[in-house]
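Student:
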Amino acid sequence: MKPKKPFCSPFFWLVAIFSLLVSGCGYNEIQRNEEMVFAAWGDVEATYQRRADLIPNLVETVKAYAAHEKETLQALTEARSRVGQVQISAQNLGDAAAVQKYVDAQGAMSSALSRLLAIAEAYPDLKASQNFRDLQHQLEGTENRINVARQRYNEAVQEFNSSIRSFPNNLTNKFLLRLPRKEPFKAQAGAEQAPKVRF
C-alpha cells in the first residue's frame, strides 16, 4: 500500500486554508501594531521618568542660590509628586480620561519647570553655576526626547487605529480581538498661548 502524500490529506488543506485566511485577515498585523504602541508608550514613560529624576538635583542646586524662591521650588516638588501618583498602564491607553489625566500631570510639571528656569534668569550667580547649566542642558535634551517620544507614540497609535478600522482587519478586530482605539497625545488646552512669566 502506497503511503499518502501529506498534501492529499484533508487536514493539510484545512490547515493551509486556515493559514491563508488568518494571514489575510490582518490578525498578525493588528497584534504587531498594538505591540508598537506599547513599546512607544514605554519610551514616553522612560523620557518622563528621566525628567522626574533630574528634578531633585535641579531643586537642590537652585536652593543654594535662591532659597527665598520657596513657592516655585515647592510647586515643582509638588508637581513631581503628582506625576508619580498618576500612572497609566499600556492596557489603559484606550481610556481617554486616564490618558488626559496623565497628560495634565505632565503639563503641570512642564509649567513648574518653566517658571523655575525663568526665575533663574534673575540670579546671575545661579545662571553662572556649572551645575545649574549642566542640569539645564540635560533638561533641554530631555524635553526634546519627550517631544520625539510623543511623536513616535502618536505615529504608532495612528498606525494601530488605522489597522483596526480598515477592511478586512476591522472584521478581525470586531469578531476576534475586540481591541479598543488607542488615545494619542493631544496639545493641552491653552498650549497655543505662550506662558506669561512675572518676576
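Take the sequence shown: its position 16, counting from 1, is numbered 17 in my numbering, and each next residue is one higher. The beta-carbon is built from N, C-alpha and C at its ideal position, and this holds for glycine as well.
According to the Cβ coordinates, are L94 and L114 closer than 8 Å?
Tutor: Cβ distance not < 8 Å, so L94 and L114 don't count as in contact.
Student: Between which two residues does the alpha helix (DSSP H) holding N58 run?
Tutor: Looking at the DSSP string, the run of the alpha helix (DSSP H) that includes N58 is 28-66.
Student: Who are the near neighbours of I120 in its chain, counting only those whose CB is closer than 6 Å to its CB and skipping five residues on each side?
Tutor: Answer for I120: E70, T73, listed in chain order.
Student: Over the uninterrupted alpha helix (DSSP H) stretch that includes A150, give me the two end residues.
Tutor: Counting along the chain, the alpha helix (DSSP H) containing A150 begins and ends at 131-166.
Student: Here's the rule: buried if 16 or more other CB atoms are within 10 angstroms of the residue's CB, otherwise exposed. What is F200?
Tutor: Residue placement at F200 cannot be trusted, given a pLDDT of 36 that sits under 50; the coordinates are not used to answer.
Student: Can the beta-carbon of L55 be found closer than 8 Å to that of L136?
Tutor: Result yes, Cβ atoms of L55 and L136 sit closer than 8 Å.
Student: What are the boundary residues of the alpha helix (DSSP H) that K71 is part of?
Tutor: Looking at the DSSP string, the run of the alpha helix (DSSP H) that includes K71 is 71-86.
Student: Pick from L178, A80, E156, N170: whose alpha carbon is nearest that of K187?
Tutor: Per the Cα distances, E156.
Student: Out of F39, E46, S163, Y124, which one is the CA nearest neighbour of K64?
Tutor: Among F39, E46, S163, Y124, the Cα nearest to that of K64 is on Y124.
Student: Starting from the Cα of A109, find the closest Cα among N29, V84, S130, A99 and give me that residue.
Tutor: Out of N29, V84, S130, A99, V84 has the C-alpha closest to the C-alpha of A109.
Student: Check whether the Cβ of N174 lies closer than 7 Å to any heavy atom of the ligand ADP, and answer yes or no.
Tutor: For the structure depicted, the ligand ADP is absent and the ligand set is empty, with no information on it obtainable.
Student: Quick check on the burial criterion: 16 or more other C-beta atoms within 10 angstroms. Buried or exposed for A41?
Tutor: When all chains shown are included, A41 counts as buried.
Student: Can you tell me which of the three DSSP states D96 falls into?
Tutor: In this structure, D96 counts as coil in the three-state DSSP scheme.
Student: With H, G and I counted as helix, E and B as strand and the rest as coil, what does DSSP make of Q101?
Tutor: Three-state DSSP puts Q101 in a helix.
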